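Contents: one structure, followed by commentary.
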Amino acid sequence: MRPLFISILTLAFSACINQPKTTGYFVYKGEITGYSVEIVDSLFGSRKDWTRIVHLNDTNRCSWCGIAGHDHENDGLWDAIFWCGYPEVTNGCNAFTQSTRGGWVWQPCPSDDGKVEPFTDTEILEAQSLLYKAVHDVYVPENMVEDLETWKWNRKME
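Here the sequence shown stands for residues 9 to 166, numbered as in my numbering.
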């Protein structure tokens with residue numbers, strides 16, 4: 009019984025290892041008022057769903073300050089929202105993740121724990137609105153700057 013179990017595990021493990029790391033990858037860049045936008049769509053390995061990550065870099069603050077949204081199922085709903093450098097530039101990246109019950113769960117940056125209050129429902133809605141506006145305005149073919157082939161080529165040249 010034990011050798012059969014180990015054989016099955018080995019087979020399953022090797023099947024996972026042999027999956028391609030990336031089967032799809034697209035980057036779109038543009039701007040909305042006050043933010044530079046980068047949208048990354050990717051399809052990894054055996055996953056059936058695309059993952060979309062939207063980065064909004066605040067053009068009026070530090071280079072890493074901004075908002076990011078993660079849509080892991082590519083269903084148009086944000087699974088996680090990150091604020092970096094908010095409310096103060098000295099703060100880290102604080103997050104809200106979508107709970108299984110539909111609400112948002114506050115996850116402070118470890119260095120900000122106890123120092124930064126959870127963002128309000130209004131702030132969460134404002135962040136979502138900015139992320140949706142970025143997708144609406146920037147996620148168009150003419151803003152695509154990189155695909156899987158150019159990504160692979162650029163990495164070879166580094």
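Glycine included, each C-beta is placed from N, C-alpha and C at the ideal position. As the structure is a prediction and not an experimental result, all values here were calculated from the model.
Put simply, the region 32 to 52 does not touch the region 85 to 101. Fewer than three CB pairs are less than 8 Å apart. Residue 82 sits in coil when the DSSP states are folded into three classes, being neither helix nor strand. Residue 106 is bridged by DSSP to 112.
Separation of residue 72 and residue 63 (C-alpha to C-alpha, rounded to the nearest whole angstrom) is 10 Å. Counting other Cβ atoms within 10 Å of its Cβ, residue 153 stays below 16 and is therefore classed as exposed.
Counting only the Cα atoms, residue 143 lies some 26 Å from residue 109. In this structure, DSSP gives residue 124 a state outside helix and strand, which the three-state scheme calls coil. Short of 8 Å from the beta carbon of residue 87, and not among the five residues preceding or following it, lie these beta carbons of its own chain, in chain order: 78, 79, 80, 81, 105, 106. Partner residues in the beta bridge of residue 39, as assigned by DSSP, are 44.
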